[in-house]
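S.K.: Going down the list, the protein sequences come from chains A and C. Each residue of the first sequence is one higher than the one before, starting from 1 at the first, in the working numbering. Each residue of the second sequence is one higher than the one before, starting from 27 at the first, in the working numbering. Each residue gets a CB set at the ideal place from its N, CA and C atoms; glycine is no exception. Keep in mind it's a predicted model, so treat the numbers as computed, not measured.
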Amino acid sequence: TGSVATVASAEQDELSQRLARLRDQV
Amino acid sequence: MAALAPLPPLPPQFKSLQHHLRTAQEHDKRDPVVAYYCRLYAMQTGMKIDSKTPECRKFLSKLMDQLEALKKQLGDNEAITQEIVGCAHVENYALKMFLYADNEDRAGRFHKNMIKSFYTASLLIDVLTVFGELTDENMKHRKYARWKATYIHNCLKNGETPQ
Chain A
1 TGSVATVASA
11 EQDELSQRLA
21 RLRDQV
Chain C
27 MAALAPLPPL
37 PPQFKSLQHH
47 LRTAQEHDKR
57 DPVVAYYCRL
67 YAMQTGMKID
77 SKTPECRKFL
87 SKLMDQLEAL
97 KKQLGDNEAI
107 TQEIVGCAHV
117 ENYALKMFLY
127 ADNEDRAGRF
137 HKNMIKSFYT
147 ASLLIDVLTV
157 FGELTDENMK
167 HRKYARWKAT
177 YIHNCLKNGE
187 TPQ
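This is how it looks when you write it as structure tokens:
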């Protein structure tokens with residue numbers, strides 16, 4: 001379950017990063 | 027404008043976003059800037075609601091694809107490239123909707139289109155939260171528009187004349 005949680009967290013981060021890029025916040 | 031890739035079915039967790047997403051679809055041709063920010067609101071709010079379960083992540087990822095495609099297509103529009111301009115655009119549009127419905131109301135003309143205008147105005151004021159905190163005036167307009175839409179809808183449904 002540890003690795004499943006890690007993958008989920010990485011995907012979440014990816015979404016957050018895409019959202020920040022979209023809004024020119026990076 | 028090129029068609030957007032369709033979204034997967036809406037996960038139940040995102041039910042509260044269905045009206046904003048439908049408003050986005052309805053404005054894809056009529057006003058792409060409004061459509062873009064409705065999706066951005068759904069994206070931002072959806073991430074707060076649930077970005078962990080696979081079903082929600084998949085939905086949000088596809089919604090993000092749509093947003094990125096739209097931003098590319100509308101890349102020369104200042105209301106997209108500068109959020110301050112986008113905010114003014116959405117706010118003006120919401121106010122126009124509100125004033126149309128309010129004028130109809132005051133003239134005693136009650137119909138589906140004015141109910142929808144009140145409701146859409148309230149949804150677009152929700153969308154303004156992507157730019158920051160709402161002004162007191164916007165909060166009042168949102169509350170009034172949502173109440174009016176519900177009240178007039180119920181009156182018409184029950185065959186009563188709104189007061």
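So, does the CB of GLU117 of chain C fall closer than 9 Å to a CB anywhere in chain A?
M.R.: So no, GLU117 of chain C is outside the interface.
S.K.: Answer with buried or exposed for SER42 of chain C, where buried requires no fewer than 16 other C-beta atoms within 10 angstroms of its C-beta.
M.R.: When all chains shown are included, SER42 of chain C counts as exposed.
S.K.: Quick check: the segment 149–157 of chain C against the segment 61–75 of chain C, are at least 3 beta-carbon pairs closer than 8 Å?
M.R.: Judged by Cβ distances under 8 Å, the segment 61–75 of chain C makes contact with the segment 149–157 of chain C, as three or more pairs qualify.
S.K.: Of the residues C:GLU159, C:HIS137, C:LEU125, which one's Cα is nearest the Cα of TYR170 of chain C?
M.R.: That would be C:LEU125, whose Cα lies nearest to the Cα of TYR170 of chain C.
S.K.: Would GLN44 of chain C pass as an interface residue toward chain A - the criterion being a Cβ-Cβ separation below 9 Å?
M.R.: For GLN44 of chain C, the answer is no, since every Cβ of chain A falls outside 9 Å of its Cβ.
S.K.: For ILE106 of chain C, count neighbouring C-beta atoms within 10 Å of its own C-beta (all shown protein chains included) and say buried if the count is 16 or more, exposed if not.
M.R.: Per the 10 Å Cβ criterion, buried.
S.K.: Express the C-alpha separation of TYR67 of chain C and GLN44 of chain C in angstroms, rounding to a whole number.
M.R.: If you take the alpha carbons of GLN44 of chain C and TYR67 of chain C, they lie about 11 Å apart.
S.K.: List the residues of chain A whose Cβ lies closer than 9 Å to the Cβ of GLU109 of chain C, in chain order.
M.R.: Result: ARG23, ASP24.
S.K.: Any idea if GLY185 of chain C is buried or exposed, counting beta-carbon neighbours within 10 angstroms, 16 or more meaning buried?
M.R.: When all chains shown are included, GLY185 of chain C counts as exposed.
S.K.: Taking DSSP as the reference, what is the three-state secondary structure of PHE85 of chain C?
M.R.: Looking at PHE85 of chain C - three-state DSSP - the assignment turns out to be helix.
S.K.: Exposed or buried, which one is ASP128 of chain C when buried takes at least 16 other CB atoms within 10 Å?
M.R.: The residue in question, ASP128 of chain C, is buried, as its Cβ has 16 or more Cβ neighbours within 10 Å.
S.K.: I'd like to know if the segment 134–149 of chain C and the segment 96–115 of chain C are in contact, where contact means that at least 3 CB-CB pairs between them fall below 8 Å.
M.R.: Cβ pair count under 8 Å is below three, so no.
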